[in-house]
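Quick mapping for you: the protein sequence lines, in order, are chains A and B. Each residue of the first sequence is one higher than the one before, starting from 1 at the first, in our numbering. Each residue of the second sequence is one higher than the one before, starting from 1 at the first, in our numbering. Cβ atoms here follow ideal geometry from the backbone N, Cα and C, with glycine treated the same way. Everything numeric in this text was worked out from a predicted model, so none of it was measured. Presented below is the structure to which this report refers.
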Amino acid sequence: MSYIEVNNLKKNFIVKKKHEKGKILREKEIVNALKEVSFSVDKGELVGYIGPNGAGKSTTVKILSGILTPDGGEVTVGGIVPWKERKRHVKNIGVVFGQRSQLWWDVPIIDSYSLLRDIYRIPQGDYESRLKELTSALLLEELMRTPLRLLSLGQRMRAELCGSLLHRPQLLFLDEPTIGLDAVSKLALRDFLKWENDEYGTTIMLTTHDMEDIEALCSRVMVLGHGKKLFDGKLQDLLERYDTVRNVKIKYDQTATNLRLPEGVNCNQTEDGIELSYNPAELPTSKLLALLQEAGNISELTLQPQNTDHMIAAMYKELDL
Amino acid sequence: MPYFTVFKMRLRMELQYRGAMIGGIVCQMFFGLILVALYRALYAGKPQSIPIESVATYVWLQQAFFRMMLASDSELVDKIKSGDIAYDMCRPVDMYGFYYARIMAQKLMGSLMRAVPMLIVAFLLPKGWGISLPASFLELISAIPALLLGLLCVCALENITVAFTMKTLDPRGIQGLLNLLMMTLSGNLFPLTLFPESWQKVITFLPYAQLLDAPIRFYTGEYLPNEAFRIYGIQAFWVVILIALGVYMWNANKKRMVVQGG
Chain A
1 MSYIEVNNLK KNFIVKKKHE KGKILREKEI VNALKEVSFS VDKGELVGYI GPNGAGKSTT
61 VKILSGILTP DGGEVTVGGI VPWKERKRHV KNIGVVFGQR SQLWWDVPII DSYSLLRDIY
121 RIPQGDYESR LKELTSALLL EELMRTPLRL LSLGQRMRAE LCGSLLHRPQ LLFLDEPTIG
181 LDAVSKLALR DFLKWENDEY GTTIMLTTHD MEDIEALCSR VMVLGHGKKL FDGKLQDLLE
241 RYDTVRNVKI KYDQTATNLR LPEGVNCNQT EDGIELSYNP AELPTSKLLA LLQEAGNISE
301 LTLQPQNTDH MIAAMYKELD L
Chain B
1 MPYFTVFKMR LRMELQYRGA MIGGIVCQMF FGLILVALYR ALYAGKPQSI PIESVATYVW
61 LQQAFFRMML ASDSELVDKI KSGDIAYDMC RPVDMYGFYY ARIMAQKLMG SLMRAVPMLI
121 VAFLLPKGWG ISLPASFLEL ISAIPALLLG LLCVCALENI TVAFTMKTLD PRGIQGLLNL
181 LMMTLSGNLF PLTLFPESWQ KVITFLPYAQ LLDAPIRFYT GEYLPNEAFR IYGIQAFWVV
241 ILIALGVYMW NANKKRMVVQ GG
């Protein structure tokens with residue numbers, strides 16, 4: 001049995017509709033946030049969990065972390081049913097909700113950490129060595145005596161992450177951890193997560209909209225949409241499936257004389273040269289390059305792979321998400 | 001002990017709000033003076049069976065411990081509204097106990113910080129305006145357990161309000177209603193000792209009278225030390241009932257809990 005087992009997970013929410021004219025009672029609507037989602041995750045895996053807004057990602061994370069009770073299906077994490085044995089379960093997990101805060105607003109962050117030490121009953125020696133390790137990896141040493149309210153967003157996110165990892169959780173949930181961070185903070189955060197995963201074999205489940213996070217960190221990705229799991233596998237496989245448009249920019253010494261391109265290739269003449277877009281599944285790149293070379297002397301050529309965000313957008317569109 | 005640590009943290013936080021403390025003291029001093037002046041004016045027309053010194057003492061003690069009664073932890077309410085409470089739910093602690101400790105720290109520290117300077121000033125005021133000494137040393141001693149039981153009671157009440165907030169997501173409605181009950185039935189607005197005898201029999205049994213009215217009555221000698229265990233019994237009864245109700249509400253909430261957004 002895998003570390004995380006999820007079978008036919010279901011969760012409904014009751015949403016009260018807006019007040020309609022002439023009616024005293026509001027109508028209720030049942031939204032199926034999750035309809036029979038199943039997956040399993042092994043120890044030490046780093047899994048990306050993606051999907052458009054409202055797909056049910058956060059709902060899954062909340063159920064796995066014992067906050068929400070599902071309406072159907074089975075979940076075990078390390079053999080424990082999260083919502084049934086909440087206290088026993090949460091000892092082993094760490095959670096970072098990118099848009100929320102767990103540290104105390106008005107007190108220095110070190111005090112929030114001591115509270116966490118007592119909450120998780122971490123032995124003092126262990127706490128000190130772990131804190132030292134985390135603060136140096138997350139560049140927090142200078143900030144320990146600063147109240148949370150004085151920290152910038154990036155500093156705060158690093159502080160939050162440190163707080164979530166003090167008790168050495170075996171499983172870490174990250175819900176949009178890089179939201180609103182600058183490039184340097186993002187890179188530092190990613191490096192750190194990789195290190196934590198390598199060093200301690202911490203299982204990490206990451207939900208994000210930032211495809212670079214996924215590319216940098218996750219070997220495996222799950223796509224959720226309309227409360228269903230739509231894809232589960234390697235990121236590379238997912239991208240190949242939706243890698244349908246590539247762009248080429250080309251410049252000739254003189255005007256190309258007999259550039260004949262097959263149908264399905266879009267050609268756009270600009271002042272800078274020619275811009276082409278084609279589908280590598282229909283026309284292999286090598287063939288296209290041969291055609292281009294026949295047409296004249298090439299002075300400049302750039303091949304651009306499709307942007308990951310565009311591919312994901314194409315996928316969402318195709319799957320009608 | 002995580003419950004003790006959260007208690008300590010909240011104490012420290014309360015100490016940071018010295019500006020709020022000074023503002024609170026000035027406000028409560030003002031209210032105390034106005035109320036005493038009002039009762040003195042009423043007494044000038046028609047004296048009551050309770051001496052005016054005792055009424056003034058009652059008013060000052062109520063004002064000094066105002067923070068224990070009517071103050072909610074806005075950060076706690078914000079947590080519920082914003083959903084940051086999700087973090088507290090992923091901790092290996094009992095949620096009710098965790099919040100109970102937090103509320104108690106705020107109420108204890110908040111009221112002590114205000115009560116000490118206010119009572120010193122109130123002792124300096126002329127007789128009949130300020131606070132009088134306790135009826136006897138024994139009365140003062142018997143007031144202290146009553147005050148502690150009152151604190152346990154008020155924290156349980158506050159935790160019920162928090163549980164309600166988790167249902168409605170906005171504390172104002174239920175807080176407004178419960179605060180009104182608190183103001184009138186706890187003796188904050190109008191000393192319970194001035195209510196007609198028959199009313200008092202009912203009111204003194206209600207939970208709100210256990211908070212401050214019971215310890216004040218010991219202080220002023222309304223309750224005699226030999227009645228102490230009967231009064232403590234009533235207080236303890238309410239502590240148990242209110243905590244049980246709060247725990248029940250928290251558990252019910254956990255089942256139907258929805259953390260919105262994000």
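So, helix, strand or coil for residue i, using DSSP?
| i | result |
| --- | --- |
| L266 (chain B) | No statement about residue 266 (chain B) is possible, as the shown extent of chain B runs from 1 to 262 and does not include it. |
| A33 (chain A) | strand |
| V116 (chain B) | helix |
| P108 (chain A) | strand |
| R246 (chain A) | strand |
| L169 (chain B) | coil |
| Y223 (chain B) | coil |
| S54 (chain B) | helix |
| E300 (chain A) | strand |
| I14 (chain A) | strand |
| D71 (chain A) | coil |
| L46 (chain A) | strand |
| V202 (chain B) | helix |
| T161 (chain B) | helix |
| D94 (chain B) | coil |
| L206 (chain A) | strand |
| L288 (chain A) | helix |
| V121 (chain B) | helix |
| T146 (chain A) | coil |
| G262 (chain B) | With a pLDDT of 42 at G262 (chain B), under the threshold of 50, the modelled position of this residue cannot be trusted; read the value that follows with caution. Looking at G262 (chain B) - three-state DSSP - the assignment turns out to be coil, as it is neither helix nor strand. |
| L261 (chain A) | coil |
| V95 (chain A) | strand |
| L64 (chain A) | helix |
| D320 (chain A) | coil |
| P174 (chain B) | Looking at the sequence itself, residue 174 (chain B) is Ile, so the reference to Pro does not match. Here I174 (chain B) sits in helix by DSSP. |
| V81 (chain A) | coil |
| L165 (chain A) | helix |
What residue range does the alpha helix (DSSP H) around residue i cover?
| i | result |
| --- | --- |
| G23 (chain B) | 18-45 |
| D237 (chain A) | 235-242 |
| S74 (chain B) | 74-82 |
| D191 (chain A) | 183-200 |
| L263 (chain B) | Residue 263 (chain B) cannot be examined here, being either before or after the span of chain B that is shown, 1 to 262. |
| V90 (chain A) | 86-90 |
| F66 (chain B) | 66-69 |
| D88 (chain B) | 85-89 |
| A216 (chain A) | 211-217 |
Do you know offhand how far residue i's Cα is from residue j's?
| i | j | result |
| --- | --- | --- |
| S101 (chain A) | F195 (chain B) | 48 Å |
| L161 (chain A) | L124 (chain B) | 54 Å |
| V202 (chain B) | F190 (chain B) | 16 Å |
| V36 (chain B) | G128 (chain B) | 9 Å |
| I30 (chain A) | C267 (chain A) | 49 Å |
| G83 (chain B) | M109 (chain B) | 27 Å |
| R10 (chain B) | P47 (chain B) | 45 Å |
| G262 (chain B) | L301 (chain A) | For G262 (chain B), the predicted structure reports a pLDDT of 42, less than 50, and the residue's modelled location is therefore unreliable. The matter cannot be settled from this model. |
| R40 (chain B) | L33 (chain B) | 10 Å |
| G44 (chain A) | G201 (chain A) | 5 Å |
| A101 (chain B) | K107 (chain B) | 10 Å |
| A146 (chain B) | D213 (chain B) | 9 Å |
| E196 (chain A) | A188 (chain A) | 12 Å |
| P280 (chain A) | V248 (chain A) | 12 Å |
| Y232 (chain B) | V240 (chain B) | 12 Å |
| E244 (chain A) | N253 (chain B) | According to the sequence displayed, residue 244 (chain A) carries Thr and not Glu. If you take the alpha carbons of T244 (chain A) and N253 (chain B), they lie about 49 Å apart. |
| K87 (chain A) | L172 (chain A) | 16 Å |
| P92 (chain B) | Y248 (chain B) | 19 Å |
Looking at the strands, I want to know which residues DSSP matches up with residue i.
| i | result |
| --- | --- |
| C155 (chain B) | None, per the DSSP bridge assignment. |
| S40 (chain A) | A:E5 |
| T135 (chain A) | In DSSP, T135 (chain A) forms no bridge with anything. |
| V6 (chain B) | V6 (chain B) is not bridged to any residue. |
| Y252 (chain A) | A:I298 |
| F173 (chain A) | A:V95, A:M205 |
| T390 (chain A) | Residue 390 (chain A) falls outside the range modelled here, since chain A spans only 1 to 321, and no answer is possible. |
Using a C-beta to C-beta distance shorter than 9 Å, which residues of chain C count as neighbours of residue i?
| i | result |
| --- | --- |
| E75 (chain B) | Within the model displayed, chain C is absent; protein chains A and B are what it includes. |
Considering residue i, what are the terminal residues of the beta strand (DSSP E) in which it resides?
| i | result |
| --- | --- |
| S277 (chain A) | 273-278 |
| Q269 (chain A) | 266-270 |
| R220 (chain A) | 220-225 |
Inset, instruction - Pull out every residue of the segment 23-50 of chain A whose Cβ sits closer than 8 Å to any Cβ of chain B, in chain order. - result: none
Inset, instruction - Give, in chain order, every residue of the segment 47-71 of chain A whose Cβ lies closer than 8 Å to some Cβ of chain B. - result: S58, K62, S65, G66, I67, L68, T69
Inset, instruction - Using a Cβ-Cβ cut-off of less than 7 Å, give me the residues of the segment 46-71 of chain B that come near chain A, in sequence order. - result: Hits within the stretch: zero.
Inset, instruction - Select from the segment 118-130 of chain A all residues with a C-beta closer than 9 Å to any C-beta belonging to chain B, and list them in chain order. - result: D118, I119, Y120, R121
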